[in-house]
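Structure record follows, encoded as structure tokens.
In this note's numbering, the protein residues as written are 1274 to 1627.
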């Protein structure tokens, strides 16, 4: 019995030591730095072919005429993926499947999902307009997607059960990267048929984020928020919810030529000390490209953002079409009985609000 007691006294400090060293041993296998290229779209509003911005946007964008188009976007995505020396993420922040184009009115978002699938998007947050079609169309668009939709504040109005997974986590070079989604409470207003038919409601997004981010932080090293809240609420989100590393915004149709850097509520000595917010205007005339570098603290194993540089890429006439995406869009145009020329949908969904 005495030997057993001595043996237990010997095991106790070893167990404590292993408990302390265990997490560090896991993090020691992770890279000291993680660099990512993040390509972003938002508020595409089913604009799959080039269009002209209305004249009242003069001065708000470098090019107004003959811009956008998914085939051009695919060319940029393929080029960045081919040339990048680091992992490339392709993410969308909502209001993607609803618009006033002929294709949108005929197919209710199906061509847009087909295009996102073909371009291998990594994740998407829904926007309020995803729910403006009848629920049968919205459910089909979700079902047909080969990428996850994430949203932490859209739930069944009776049971409170979340309609989507609030977040997903991907392993990128040994680092656990979470994609969190949030949707504007504007979806609670009457025009959104699918939301009404499905009995859904959007809860207050900041409060939802405050509840879910600590949970995510227990499982992930980095948190990327796909936000369809608008740039003003995004700034509040960045200031008041610790644990979000970068916000990829939408909803307000804001053209951010450079990221907004909001001072972080939890700065550390090794990090940027700010939460970047990016947003790429509207209708897909441009797309965002953001380079971020994360640093792992050798003592704690925690990752923090140490560098962020962002820009907008204009999808103007200088960008050639990707033939595969052009053919995919053309197949829907042929089904519609429309001409396959860009002029077939040269007027964007200007009457579609936020």
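For glycine and all other residues, C-beta sits at the position ideal for the given N, C-alpha and C. Computed from a prediction, not measured in an experiment: that's the story for all the values here.
Review point. If you compare alpha carbons, which of 1319, 1445 and 1355 is closest to residue 1386?
Key: Working through the chain shown from its first residue, we reach residue 1386 at position 113. That would be 1319, whose Cα lies nearest to the Cα of residue 1386.
Review point. Among the residues of its own chain, which have a CB less than 8 Å from the CB of residue 1593, if the five just before and after it don't count?
Key: Residue mapping note: residue 1593 aligns to position 320 of the chain shown, counting from 1. 1345 and 1348.
Point to revise | Cβ-Cβ distance between residue 1430 and residue 1473 below 8 Å | key: Locating residue 1430 in the chain shown gives position 157, where the first residue counts as 1. Locating residue 1473 in the chain shown gives position 200, where the first residue counts as 1. A contact, by the Cβ cut-off of 8 Å.
**Study point:** Alpha carbon of residue 1548 to alpha carbon of residue 1422, nearest angstrom
**Key:** The residue you call residue 1548 lines up with position 275 of the chain shown. The residue you call residue 1422 lines up with position 149 of the chain shown. Using only the alpha carbons, I get a separation of about 23 Å.
Practice item. Indicate whether residue 1585 and residue 1559 have their beta-carbon atoms separated by less than 8 Å. Key: The sequence position of residue 1585 within the chain shown is 312, counting from 1. The sequence position of residue 1559 within the chain shown is 286, counting from 1. A contact, by the Cβ cut-off of 8 Å.
Review point. Would DSSP call residue 1398 helix, strand or coil?
Key: To locate residue 1398, count along the chain shown from 1; it is residue 125. Coil at residue 1398, not helix or strand.
Check your understanding: Which runs of the beta strand (DSSP E), 3 residues or longer, sit entirely within the region 1510 to 1579?
Key -> 1519 to 1521, 1533 to 1536, 1547 to 1551 and 1559 to 1569
Check your understanding: With 16 as the cutoff for other CB atoms within 10 Å, does residue 1486 come out buried or exposed?
Key -> Position 213 of the chain shown, counted from the start, is the residue given in the question as residue 1486. Classification for residue 1486: buried.
Check your understanding: For residue 1450, which residues from the same chain have a beta carbon less than 6 Å from its beta carbon, with the 5 sequence-adjacent residues on both sides left out?
Key -> Residue 1450 sits at position 177 when you count from the first residue of the chain shown. Excluding residues within five positions, the ones whose Cβ falls inside 6 Å are 1443 and 1495.
Practice item. Please say whether residue 1501 and residue 1339 have beta carbons closer to each other than 8 Å? Key: Reading the chain shown from its first residue, position 66 is the one you call residue 1339. Reading the chain shown from its first residue, position 228 is the one you call residue 1501. In this structure, residue 1501 does not lie closer than 8 Å to residue 1339 by Cβ.
Point to revise | Test item: CB-CB of residue 1377 and residue 1499 under 8 Å | key: Within the chain shown, the letter at position 104 stands for residue 1377. Within the chain shown, the letter at position 226 stands for residue 1499. Taking 8 Å as the Cβ cut-off, residue 1377 and residue 1499 do not qualify as a contacting pair.
Point to revise | Of the residues 1562, 1578 and 1561, the one placed nearest residue 1568, counting alpha carbons only | key: What you label residue 1568 is simply residue 295 of the chain shown in a count that begins at 1. The shortest Cα separation from residue 1568 among 1562, 1578 and 1561 belongs to 1578.
Point to revise | Where residue 1527 falls, given that 16 or more other Cβ within 10 Å makes a residue buried | key: Here residue 1527 corresponds to residue number 254 of the chain shown, with the count starting at 1. So residue 1527 ends up on the buried side.
Check your understanding: In whole angstroms, what separates the C-alpha of residue 1507 from that of residue 1483?
Key -> Translated into the one-based positions of the chain shown, residue 1507 becomes position 234. Translated into the one-based positions of the chain shown, residue 1483 becomes position 210. Each residue's Cα considered, the two are about 13 Å apart.
Practice item. With DSSP as the reference, label residue 1417 as helix, strand or coil. Key: As a position in the chain shown, residue 1417 is number 144, starting the count at 1. Looking at residue 1417 - three-state DSSP - the assignment turns out to be helix.
Practice item. Kindly identify the DSSP beta-bridge partner or partners of residue 1406. Key: Numbered from its first residue, the chain shown carries residue 1406 at position 133. None, per the DSSP bridge assignment.
Review point. Cα separation between residue 1604 and residue 1384?
Key: Numbered from its first residue, the chain shown carries residue 1604 at position 331. Numbered from its first residue, the chain shown carries residue 1384 at position 111. The alpha-carbon atoms of residue 1604 and residue 1384 are separated by roughly 9 Å.
Check your understanding: Counting only runs that start and end within the region 1446 to 1523, where is the beta strand (DSSP E) found for 3 or more residues in a row?
Key -> 1448 to 1456, 1473 to 1475, 1495 to 1501 and 1519 to 1521
Practice item. Please go through the region 1324 to 1411 and give each complete alpha helix (DSSP H) segment of 4 or more residues, from N-terminal end onward. Key: 1343 to 1356, 1375 to 1380 and 1383 to 1391
**Study point:** Residues near residue 1294 in its chain [Cβ-Cβ closer than 7 Å; skip 5 each side]
**Key:** Position 21 of the chain shown, counted from the start, is the residue given in the question as residue 1294. Interpretation of residue 1294 is limited by its pLDDT of 39, a score under 50 that renders its predicted location unreliable; the figure taken from the coordinates is listed afterwards. For residue 1294, where only same-chain residues beyond five positions count, there are no Cβ hits under 7 Å.
Review point. How do the region 1463 to 1473 and the region 1505 to 1525 stand: do at least 3 beta-carbon pairs fall below 8 Å, yes or no?
Key: no
Check your understanding: Looking only at its own chain, which residues have a Cβ that is under 8 Å from the Cβ of residue 1544, when we skip the five neighbours before and after it?
Key -> Here residue 1544 corresponds to residue number 271 of the chain shown, with the count starting at 1. Excluding residues within five positions, the ones whose Cβ falls inside 8 Å are 1537, 1568, 1577, 1578 and 1579.
Check your understanding: Would the beta-carbon of residue 1478 be found less than 7 Å away from any heavy atom of the ligand MN?
Key -> Only the bare structure without any ligand can be found here, which leaves the ligand MN out of the picture.
Check your understanding: Between which two residues does the alpha helix (DSSP H) carrying residue 1601 extend?
Key -> Walking along the chain shown from the start, residue 1601 turns up at place 328. Here the alpha helix (DSSP H) through residue 1601 covers 1596 to 1609.
Practice item. For residue 1309, name the three-state secondary structure that DSSP assigns. Key: Here the question's residue 1309 lines up with position 36 in the chain shown. Strand, per DSSP.
Point to revise | Spatial distance of residue 1426 from residue 1435 (CA atoms) | key: The residue given as residue 1426 occupies position 153 in the chain shown. The residue given as residue 1435 occupies position 162 in the chain shown. The alpha-carbon atoms of residue 1426 and residue 1435 are separated by roughly 7 Å.
Practice item. Evaluate residue 1409 with the Cβ neighbour count: other Cβ atoms within 10 Å of its Cβ, from every protein chain shown; 16 or more gives buried, anything less gives exposed. Key: Reading the chain shown from its first residue, position 136 is the one you call residue 1409. So residue 1409 ends up on the exposed side.
Review point. Looking only at its own chain, which residues have a Cβ that is under 7 Å from the Cβ of residue 1350, when we skip the five neighbours before and after it?
Key: Locating residue 1350 in the chain shown gives position 77, where the first residue counts as 1. Taken in chain order, the residues that qualify are 1312, 1363 and 1392.
Review point. Can the beta-carbon of residue 1459 be found closer than 8 Å to that of residue 1414?
Key: Numbered from 1 along the chain shown, position 186 holds the residue referred to as residue 1459. Numbered from 1 along the chain shown, position 141 holds the residue referred to as residue 1414. The answer is no: Cβ separation not under 8 Å.
Review point. Helix, strand or coil for residue 1321 per DSSP?
Key: The count along the chain shown starts at 1 and reaches residue 1321 at position 48. Residue 1321: coil per DSSP, three-state reduction.
Check your understanding: If you check the beta carbons only, do residue 1310 and residue 1562 fall under 8 Å apart?
Key -> Against the chain shown, residue 1310 aligns to sequence position 37. Against the chain shown, residue 1562 aligns to sequence position 289. For residue 1310 and residue 1562, yes; Cβs fall inside 8 Å.
Practice item. Consult DSSP for residue 1582 and reduce its assignment to one of helix, strand or coil. Key: Here residue 1582 is taken as the residue at index 309 of the chain shown, counted from 1. Of the three classes helix, strand and coil, the one that applies to residue 1582 here is strand, per DSSP.
Practice item. Would you decide whether residue 1446 is buried or exposed? Buried here means 16 or more other CB atoms lie within 10 Å of its CB. Key: Numbered from 1 along the chain shown, position 173 holds the residue referred to as residue 1446. Label assigned to residue 1446: exposed.
Point to revise | According to DSSP, residues forming a beta bridge with residue 1444 | key: Position 171 of the chain shown holds residue 1444. Its beta-bridge partners are 1449.
Review point. Is residue 1550 near residue 1520, with beta carbons less than 8 Å apart?
Key: Residue mapping note: residue 1550 aligns to position 277 of the chain shown, counting from 1. Residue mapping note: residue 1520 aligns to position 247 of the chain shown, counting from 1. Against a cut-off of 8 Å, the Cβ pair of residue 1520 and residue 1550 comes out as a contact.
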